[in-house]
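First residue of the sequence shown: 7, per our numbering; consecutive thereafter. All C-beta atoms, glycine included, are put in the ideal place defined by N, C-alpha and C.
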Amino acid sequence: MTPEQSHENVMSIFRAVKSVVGAEGWDEGTVSGWNDCSSNGDDGAQFTLTAIRKHPLPAAPDEVTRGVAKALKTDVGLDGVPVQHDDTLRPPRTVVSYPNGYNGGTAADGFGVEFQSGTDFASLLVWGHCVPGKVPNLGTPLNPRPTDLP
7 MTPEQSHENV
17 MSIFRAVKSV
27 VGAEGWDEGT
37 VSGWNDCSSN
47 GDDGAQFTLT
57 AIRKHPLPAA
67 PDEVTRGVAK
77 ALKTDVGLDG
87 VPVQHDDTLR
97 PPRTVVSYPN
107 GYNGGTAADG
117 FGVEFQSGTD
127 FASLLVWGHC
137 VPGKVPNLGT
147 PLNPRPTDLP
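What follows is the structure, given as structure tokens:
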């Protein structure tokens, strides 16, 4: 997998989630970026995305989260995503997490997805695949952040 493919994989997951939850309301709570990682002991790059939406859901949290699990399977190919509950959070949340279930960690290459929903809340965390290569330079299409940051 290339950095471009890893980036597209993360973005396809985000699109799948938005297709269920709704496209509006994510902008103010979404951040993404590249990090260094180790790919079999060599330089690697990992794209991550954190997105929070503080708006009413289109349906009950359990229904929305089941829809997200289905979209992750049909749209992205992530099979076996269990719908779970976390009653330790307030308000309680319905969650899906891949590949190892809720709080089960990421795959060996750092890849992982976690989606949570509550009555007026949805969040998505995606840790992209760590792929060989260097983090894309700032100001390039894969890393368009401004190059004049303080």
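For residue i, report the span of its beta strand (DSSP E) as first-last.
i, result
"Thr-56", "48–59"
"Glu-120", "118–124"
"His-91", "89–92"
"Arg-99", "99–104"
"Asn-159", "As displayed, the chain neither begins before 7 nor continues past 156, which places residue 159 out of reach and without an answer."
"Val-132", "127–133"
"Val-141", "Neither: Val-141 is in no beta strand (DSSP E) and is coded neither H nor E."
"Gly-39", "36–45"
Give the C-beta separation of residue i and residue j to the nearest angstrom, bearing in mind that I take them to be a contact with Cβ-Cβ under 8 Å.
i, j, result
"Val-87", "Tyr-108", "With 8 Å as the limit, Val-87 and Tyr-108 do not qualify as a contact, their Cβ atoms being about 10 Å apart."
"Ala-77", "Ala-22", "4 Å"
"Trp-133", "Gln-52", "7 Å"
"Ser-123", "Arg-99", "6 Å"
"Val-102", "Thr-56", "With a Cβ gap of about 16 Å, Val-102 and Thr-56 do not count as contacting."
"Val-89", "Ala-66", "Not a contact, Cβ separation roughly 12 Å."
"Val-26", "Gly-83", "Not a contact, Cβ separation roughly 16 Å."
Give the secondary structure of residue i by DSSP, where H, G and I count as helix, E and B as strand, and everything else as coil.
i, result
"Leu-78", "helix"
"Pro-156", "Summary for Pro-156: the model assigns pLDDT 47, below 50, so the residue's position carries little reliability; its value from the coordinates is reported in the next sentence. The answer is coil: DSSP assigns Pro-156 none of H, G, I, E or B."
"Asp-115", "coil"
Taking residue i as the reference, which of the options has the closest Cα?
i, options, result
"Ser-38", "Asp-85, Val-16 and Ala-66", "Val-16"
"Pro-3", "Val-26, Trp-40 and Glu-30", "Coverage of the chain is limited to positions 7 through 156, which leaves residue 3 absent and any answer about it impossible."
"Thr-36", "Asp-126, Gly-73 and Thr-54", "Thr-54"
Quick one: using the 10 Å Cβ neighbour count with 16 as the cut-off for buried, is residue i buried or exposed?
i, result
"Gly-116", "buried"
"Thr-80", "exposed"
"Gly-50", "buried"
"Lys-140", "exposed"
The alpha helix (DSSP H) that contains residue i, what's its start and end?
i, result
"Ala-22", "9–27"
Less than 6 Å separating the Cβ of residue i from some heavy atom of the ligand MN?
i, result
"Gly-110", "Ligands are entirely absent from the displayed structure, and the ligand MN is therefore not among its contents."
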